[in-house]
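Quick note: the sequence shown, position 164, residue 163 per numbering that gives the first Met the number 0, numbers continuous. Each residue gets a CB set at the ideal place from its N, CA and C atoms; glycine is no exception. Right, one structure below, let's go through it.
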Amino acid sequence: MSEQAEHSSISNRSLKLIIAGIAAGIVITITILGLAIAIFVKINSSSTSDSSPSAGSLLGDSIRIEELMDHLKEFQRIATANNGNRAVSTLGFNQTLDYIRDTLAINTDFVVSNKYFPIRQFGLNSDPILTSSINGVDKTYIYSKNLATADFYHIDFSTAADFSTFVPLTAIPNVGCSDSDWQSANPPPNGRVAIVKRGICAFSDKGALAAKYNVTALLIYNDGASPDRVSPIAIALGQESFLPALFLSFPVGQELANAALNISNNAGVRLAINVKELPLSPVGNICADTPTGDANQTIIIGSHSDSVPAGPGINDNGKLQWFEILLMCF
0 MSEQAEHSSI SNRSLKLIIA GIAAGIVITI TILGLAIAIF VKINSSSTSD SSPSAGSLLG
60 DSIRIEELMD HLKEFQRIAT ANNGNRAVST LGFNQTLDYI RDTLAINTDF VVSNKYFPIR
120 QFGLNSDPIL TSSINGVDKT YIYSKNLATA DFYHIDFSTA ADFSTFVPLT AIPNVGCSDS
180 DWQSANPPPN GRVAIVKRGI CAFSDKGALA AKYNVTALLI YNDGASPDRV SPIAIALGQE
240 SFLPALFLSF PVGQELANAA LNISNNAGVR LAINVKELPL SPVGNICADT PTGDANQTII
300 IGSHSDSVPA GPGINDNGKL QWFEILLMCF
């Protein structure tokens, strides 16, 4: 489709702008229908010459930096008042949603509503334990919240586990991002602990394939590609994950993966992950719909509104660009 034809197609549709809150693998959306399309339509109709600036460049140039900074400062104020973050399910996150909702309600004619859905929470009762056995030699690894000194770290939304015996390891070839990787593993991963290197696909994709091939637990390890990819990192496999899982440093992961490649090493691991039993937590969405537009032909544009627990999320300002574009329509 040509650029001009694509713009013509857009003009006949409504636009859904999604500002999504993403934390620990969770996707929470604030959905805005219709009006932002007016910007694209106006730009498209202003000129049909080949020399005219693209819609994207004009749209970007129209963002008012001072207004964007005002929103950033407000988000920073919210984070500062709430333990330095606006993480999902926290008071800081809810105050962020309040700010977005109130700003839209005051400054636009959107029909603004709140919607809620439940999400899993995650916590540990105690530090996880990981021990390996290679050729009959046992070794216990270091868990620490100081990732620079840790051998391994927990993965959010891991399920509980307490292995009474060593479970055999299987190393997944390549980076475990395709069915062929898992199907070519020797021995097959079914009923074993799979160890797979970081890379290429999302961690949640590796988790989904691990579940598909019926592993007992999943160990992901860093790839050692650069100095900042050696230590374990904090990740989540997502709300849909129901596997025991840990993240290993590159040296530990490489050691276990190499041992698992030779069946005669009799390589196995024993692990304990004591997960808290927590209730589902309701998480809010803000839905802001334009009063006009064809709901059956909707364009979706997205970003997110929350931060990670470790910080305020202020430098991640893509969400505010779309927020400001909506407001400048009025």
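Out of curiosity, what's the CA-to-CA distance linking Val-166 and Ala-193?
-> A straight line joining the alpha-carbon of Val-166 with that of Ala-193 spans about 10 Å.
Just mark Arg-76 as buried or exposed, buried being the case when its beta carbon has 16 or more other beta carbons within 10 Å.
-> Counting Cβ neighbours within 10 Å, Arg-76 comes out exposed, since fewer than 16 surround it.
Exposed or buried, what is Ser-248 when buried is set at 16 or more other beta-carbons lying within 10 Å of its beta-carbon?
-> That one is buried.
In whole angstroms, what separates the C-alpha of Leu-34 from that of Ser-304?
-> Because the pLDDT of Leu-34 is 37, which lies under 50, any placement of that residue in the model is unreliable, and the number read from its coordinates should be weighed accordingly. Within the model, the alpha-carbon separation for Leu-34 versus Ser-304 is close to 20 Å.
Below 7 Å CB to CB, which residues in the same chain sit around Arg-85 once its five sequence neighbours on both sides are set aside?
-> Answer for Arg-85: Phe-74, Ile-77, Ala-78, Gly-91, Phe-92, Thr-95, Asp-305, Ser-306, Pro-311, Gly-312, listed in chain order.
Would you mind listing the beta strand (DSSP E) stretches within the stretch 102 to 142 that are 3+ residues and don't spill past its ends, in chain order?
-> Those beta strand (DSSP E) runs which fall completely within the stretch 102 to 142 and span 3+ residues are 110 to 118, 128 to 133, 136 to 139.
DSSP on Asp-204, reduced to helix/strand/coil?
-> Asp-204 falls in the helix class under three-state DSSP.
Boundaries (first-last residue) of the beta strand (DSSP E) holding Lys-72 | Note, Lys-72: premise wrong, no beta strand (DSSP E); alpha helix (DSSP H) at 64 to 79.
Tell me, to the nearest whole angstrom, how far the beta carbon of Leu-168 is from that of Val-251; I am working on the premise that it is less than 8 Å.
-> About 12 Å separates the two Cβ atoms, so there is no contact after all.
Going by DSSP, which residues form a beta bridge with Leu-245?
-> As computed with DSSP, Leu-245 is found in a beta bridge with His-153, Leu-218.
DSSP three-state assignment for Thr-169, whether helix, strand or coil | Three-state result, Thr-169: strand.
Where does the unbroken beta strand (DSSP E) through Asp-180 begin, and where does it stop?
-> Per DSSP, Asp-180 is not a residue of any beta strand (DSSP E); the alpha helix (DSSP H) it occupies stretches across 178 to 182.
From the DSSP output, in three-state form, read off Gly-312 for me.
-> Gly-312 falls in the coil class under three-state DSSP.
Endpoints, the beta strand (DSSP E) within which Ala-271 is located | 267 to 272 is the extent of the beta strand (DSSP E) around Ala-271.
DSSP state of Asn-257, grouped into three classes?
-> The DSSP-derived three-state label of Asn-257 is helix.
When we look at the beta-carbon of Pro-290 and count the other beta-carbons within 10 Å, is it buried (16 or more) or exposed?
-> Exposed is the call here.
Provide the residue span of the beta strand (DSSP E) that contains Asn-284, from first to last.
-> 280 to 288 is the extent of the beta strand (DSSP E) around Asn-284.
Would you list the one or two residues that DSSP bridges to Ser-306?
-> The partner list for Ser-306 (beta bridge, DSSP) reads Ala-86.
Helix, strand or coil: which one does DSSP assign to Ala-210?
-> Residue state for Ala-210 is assigned as helix, using DSSP reduced to three classes.
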